[in-house]
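>
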Amino acid sequence: MLIALLLLGFVISVFTPTDTRTWFAVPKDLPPSFEHPLGTSTMGRDVFWELCASIKNSITLALMTALIASHIGLLLGLVAGIRGGIVDRMLMFITDTFIIIPGLPLLMVVVTVLKQWITIPLLGALISIVSWPWPARQVRAMVLSLRERAFVYTAMLSGMGTLKVLLREIMPFLLGWHLINFTNTILFAIGMETGLAILGLSVLGENTLGVMIYWALNQFYALFRGILWWIASPIATLTLIFVSFYLTSVGLSEHFHPRLK
Amino acid sequence: MLESPQEFVDAVSDVSVDLYRDEVFGIAGESGCGKTTLVRVLYGHIKPPLVLKQGSVELCTEDERPIAITSLSLRKRQRMVWWKRISYIPQASMNVLNPTMRIRDHFAEMLKVYSGMSKERAYPRAYEYAETMGLPSDALKAFPHQLSGGMRQRTVIAMAVLLEPDLVLADEPSSALDVITQRTALTFLKDVQTKLGNTLVLVTHDMNIHSVLTDKVAIMYAGKIIEIGKTSDVFQKPLHPYTRALIESLPRLGDKSQRTGLGGQPPDLRRPPEGCRFHPRCSHAWAACSSDEPSLLEKEDERRVACWLHA
Amino acid sequence: MRGVLPVGSMHEVSMGVDKMFLLDVVNVTKVFGYGFLGRARFRAVDNVSLHQEDEPKILTIAGESGCGKTTLARTILGFMEPNEGEVKYKGRNIHRLRSKEKLWFRKEVQAIFQDPFETFNPMRKVDAYLYEAAKNLLGLKSVDEATKCVEESLEFMGLSLKEVEGKHPSEFSGGQLQRMSIARALLVRPRLIVADEPVSMIDASMRMNIINTFKDMKRKLEVSFIYITHDLATAYYVSDEIGIMYRGSLVEEGPAQEVLMERHHPYTKALVSSLPEPGKREEWLKKTKASGLEIKEFLSPGCKYANLCLKAFEKCTKQKPPMFPVRKANVACWLYESQ
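Chains as they are written, first to last, in my numbering: chain A, 1 to 261; chain B, 262 to 572; chain C, 573 to 911.
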């Protein structure tokens with residue numbers, strides 16, 4: 001069951017970008033068209049194609065965030081955990097500062113300031129600012145407990161330097177978690193972006209799921225006017241994406257930690 | 262019998278034991294010999310992956326019909342047998358104690374559930390009991406994690422005998438304790454047994470503990486009992502080569518003579534050796550040992566050995 | 573002139589010549605914080621001094637859990653820094669070594685741990701560590717040289733490279749893994765091996781083989797040992813010298829024969845009498861005093877054993893006793909002040 005839903009979620013998103021790529025070959029104006037699978041929007045776009053583009057963009061953005069954030073988090077957590085002492089305390093001080101600052105308001109401010117230069121990848125990078133601290137803390141905690149295990153001492157006694165110990169001894173235990181964290185960050189990023197979009201703070205020129213909702217909801221009052229297909233499709237897709245990624249995450253964690261069933 | 266998805270492993274094979282009143286019975290053996298499994302079966306704690314393929318356990322007292330523990334339903338075991346007739350002190354004893362309950366509540370709870378005592382009467386009874394047991398009253402007010410390991414062990418022992426069961430099964434009750442604390446906990450256990458006159462089954466790999474505490478001892482190897490008899494006799498003259506290795510390999514204070522251990526490894530119970538399970542490691546093995554399995558035969562007064570050397 | 577030696581010290585100044593010790597632990601104290609915000613402090617290792625001479629000898633550090641022996645072992649191995657005092661190996665302070673020297677130290681001093689299954693990373697192959705040691709500490713560059721070295725080491729421990737190659741820890745028994753752990757330590761031809769409870773997780777019937785190997789290593793390979801254990805019987809069997817620790821302090825030390833058979837310190841006496849042994853039944857079943865709250869004992873201003881000691885008197889609770897020489901041993905107990 002799990003796998004079926006997972007496949008569904010992934011298959012859709014895999015197929016969709018392929019479709020949108022063909023669409024992207026066409027100049028991105030607002031061509032008025034009729035007879036389309038999900039109807040058209042007041043902006044004169046085919047909702048279906050728009051949806052496809054949106055999924056692609058949303059996921060690209062989220063991947064951007066996840067790539068940056070989860071790796072920064074991993075790196076900092078590793079360094080803090082393995083070095084300890086002043087390095088650890090400094091890094092944790094910075095980390096905690098970012099944890100405390102509420103994410104959405106911070107992003108709102110940043111995006112408003114940078115409104116002119118906002119692009120999809122940049123937005124992804126910006127969201128990563130608020131998603132790296134928590135993984136860093138997690139990784140550090142795991143490193144701290146792993147550091148005390150006897151085989152780390154064995155490795156040190158065999159002459160392995162600190163870096164080697166990190167890579168060969170400690171990392172294997174972290175990789176599973178890292179993958180799960182990566183998946184979760186994708187979800188988080190999509191959510192963040194949608195939130196920003198609804199407030200009008202996303203990349204409004206492009207198509208993302210959040211932006212679709214924005215236009216539909218705020219600017220053209222789709223709900224009120226009964227153009228449900230426009231608003232329903234991004235929301236439904238969002239839900240599906242969340243569910244499929246979440247299930248992936250759960251599946252992964254079951255795979256890596258079978259005991260915790 | 263332990264079941265894995267592909268195959269069955271006989272954790273305990275063909276074991277018959279008689280336990281008597283007012284006796285301390287020891288079960289000795291090393292890792293993988295099946296002693297913990299045996300004790301769990303005696304207690305009636307048989308849950309998958311443990312499956313009882315054959316045999317039964319019966320509890321007999323003079324004034325009633327024998328109770329076939331292994332044929333009772335789980336519910337009946339829980340309400341009629343466990344804690345009241347048979348008590349089990351598991352290996353990781355600390356897990357018996359609820360970390361969120363004070364010690365006196367542990368006792369009170371037991372009294373309420375099994376003796377139907379009301380809360381008002383349970384507390385004073387708990388204090389009274391603790392006093393007779395020699396447990397300090399501060400310990401009663403404490404939470405488990407606040408007590409030292411030795412104190413926790415004594416608490417668990419006290420809990421196990423609160424309802425004066427006929428049989429107490431203690432699985433490695435002192436392996437996590439220091440030498441001095443171990444002495445305190447074990448002498449406590451023995452005192453309790455003497456006072457109640459019931460049966461204590463003590464499972465431990467430490468032969469020295471058997472020599473000072475038990476009346477009779479059964480040695481297990483690879484799921485079978487290979488020697489059984491009065492402790493003093495077994496120590497004076499161990500018959501089975503494995504028993505001899507267990508008793509004689511460990512050094513004693515004051516004696517620097519060379520000691521040697523056994524070679525090899527205990528067998529993989531999925532594929533036990535042909536014939537006597539100990540023969541691959543036995544220095545006295547001969548032809549019969551690798552083809553026929555010796556059964557437990559009575560050698561002398563109350564002594565039984567499963568070995569072709571003594572058949 | 574032998575008089576009262578400094579507190580906790582095991583030094584003997586013989587005829588004005590100060591021997592250089594292989595290992596010299598000088599007034600080492602290790603403090604840990606606990607409680608709220610780690611404010612409260614207790615001394616896991618309290619002013620311990622001992623030494624290992626330059627001849628192959630087996631020194632045992634014995635005591636019950638919580639006595640500080642593992643913390644002391646970690647400090648000696650360089651994994652922890654003492655709050656006070658220093659650890660010197662061949663005259664050099666091991667915590668002040670430069671990185672090249674640190675590698676030298678690793679080659680000279682090795683360790684064996686208690687749990688053979690934890691000693692090796694379950695995700696790595698066991699032989700990996702042996703090859704690492706050969707490469708990093710012996711500087712062997714070619715695979716052939718390293719393999720030869722690894723093979724030799726394994727054979728000394730009764731194992732063959734073939735049966736060990738490419739396998740993960742889960743494919744072996746505890747006894748086999750422990751042998752591999754020793755082979756790993758042995759590979760670099762150390763002068764000193766610190767063995768922390770090396771056999772307590774091994775089946776009793778197989779323990780002596782490993783203990784006998786230690787004796788072999790001392791004799792044939794001239795390796796000294798610091799054997800850390802709570803098992804006094806094996807300690808007696810294998811050691812030349814022994815130090816008894818209680819709650820962080822060294823309470824008695826000297827030749828194993830003297831300390832364990834004469835038992836000058838009341839704690840040593842209590843320890844030995846608590847050992848169950850065939851033939852000691854009646855004696856052993858007599859009642860003894862149980863241990864109280866541990867932390868209190870760590871923090872007491874006087875002798876840490878005073879609360880439980882059958883022979884304690886007032887001075888014991890007020891002042892910490894220094895080491896007094898008693899026959900061939902040194903005992904930290906006020907009972908021996910006058911001698």
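Virtual Cβ for every residue (Gly too), placed ideally from N, Cα, C. Computed from a predicted model, the values in this text were never measured in an experiment.
(1) Could you have a look at A/I198 and say whether DSSP puts it in helix, strand or coil?
(2) How is the alpha helix (DSSP H) around C/V715 delimited, first residue to last?
(3) Any residues in the stretch 496-510 of chain B with a beta carbon nearer than 9 angstroms to a beta carbon of chain C? Which ones, in chain order?
(4) For C/L882, count the other beta carbons within 10 Å of its own beta carbon; 16 or more makes it buried, fewer makes it exposed. Which is it?
(5) As a quick exercise: from A/L106, A/F98, A/G251, A/V211, pick the residue whose alpha carbon is nearest that of A/L179.
(6) I want to verify the contact list: residues of chain C whose CB lies under 7 angstroms from the CB of A/L157, in sequence order.
(7) Taking a cut of 7 angstroms between CB atoms, which residues from the stretch 804-831 of chain C lie near chain B?
(8) Which first and last residues belong to the alpha helix (DSSP H) in which B/R301 is found?
(9) Give, in chain order, every unbroken run of the beta strand (DSSP E) that is at least 3 residues long and sits entirely within the stretch 646-694 of chain C.
(10) List, in order along the chain, the chain C residues whose C-beta lies closer than 8 angstroms to that of B/Q526?
(11) Is the shortest distance between the beta-carbon of A/M92 and the beta-carbons of chain C less than 8 angstroms?
(12) Under three-state DSSP, which class holds B/S334?
(13) Buried or exposed, going by whether 16 or more other CB atoms sit within 10 Å of the CB of A/T322?
(14) In whole angstroms, what is the alpha-carbon distance linking A/G161 and C/K707?
(15) Does the CB of A/R137 have a neighbour CB from chain C at under 8 angstroms?
(16) So that I know if they touch, is there some Cβ in chain C lying closer than 8 angstroms to that of A/F151?
(17) Residues of chain C with CB under 9 angstroms from B/R531, in chain order?
(18) Enumerate in chain order the residues of its own chain whose CB-to-CB distance from C/E658 is below 6 angstroms, with the five nearest sequence positions on each side excluded.
(19) Which residue wins for smallest C-alpha separation from B/E563, given the options B/P528, B/G490, B/S518?
(20) List, in order along the chain, the chain A residues whose C-beta lies closer than 8 angstroms to that of C/E704?
(21) Taking the alpha carbon of B/K477 as the reference point, which residue from B/S493, B/K485, B/H466 has its own alpha carbon closest?
(22) Go to C/D788, then tell me how far its alpha helix (DSSP H) extends in each direction, as first and last residue.
(23) Can you check which of these residues, B/L335, B/Y304, B/T297, is closest to B/A353 by C-alpha distance?
(24) Secondary structure at C/K887, three-state DSSP: helix, strand or coil?
(25) My output table needs one value for C/H623: the three-state DSSP class, helix, strand or coil.
(26) Give the range of the alpha helix (DSSP H) segment to which B/N469 is assigned.
(27) Answer with yes or no whether the minimum CB distance from A/R147 to chain C is below 8 angstroms.
(28) Taking C-alpha atoms, which residue in B/T475, B/I487, B/C568, B/A506 lies nearest to C/E854?
(29) Please classify C/K876 as buried or exposed, where buried requires at least 16 neighbouring CB atoms within 10 angstroms.
(30) Does DSSP put B/Y388 in a helix, a strand or coil?
(31) Taking the CB atoms as reference points, tell me whether B/L511 and B/H545 lie closer together than 8 angstroms.
(32) Under the DSSP definition of a beta bridge, which residues are partnered with A/V139?
(33) Give a yes or no on whether the C-beta atoms belonging to C/A700 and C/A757 are separated by under 8 angstroms.
(34) Can you pull the chain A residues whose beta carbon is under 9 angstroms from the beta carbon of C/V752, in chain order?
(35) Please list, in chain order, all residues of the same chain as A/F188 whose beta carbon is under 7 angstroms from its beta carbon, the five residues on each side excluded.
(36) For B/N469, go through chain C and note every residue whose CB falls closer than 8 angstroms to its CB, in chain order.
Working from what's here:
(1) helix
(2) 715-728
(3) F496, Q497, Y503, A506, L507, I508, S510
(4) exposed
(5) A/G251
(6) R678, Q682, A683
(7) L804, A805, T806, Y808, Y809
(8) 296-304
(9) 656-661, 681-684
(10) S745, G747, Q748
(11) no
(12) coil
(13) Nothing about residue 322 of chain A can be reported from this structure: the residues present for chain A run from 1 to 261 only.
(14) 12 angstroms
(15) no
(16) yes
(17) Residues of chain C passing the Cβ test: none, with the nearest at roughly 14 angstroms.
(18) V598, N665
(19) B/G490
(20) A155, S158, G159, M160
(21) B/S493
(22) 776-793
(23) B/T297
(24) helix
(25) strand
(26) 468-474
(27) no
(28) B/T475
(29) buried
(30) helix
(31) no
(32) DSSP output for A/V139 lists no bridge partner at all.
(33) no
(34) Here the sequence assigns Met to residue 752 of chain C, which means Val is not the residue at that position. The premise fails here: C/M752 is roughly 10 angstroms from chain A at the closest Cβ pair, so nothing lies under 9 angstroms.
(35) S131
(36) L847, P848, E849, P850
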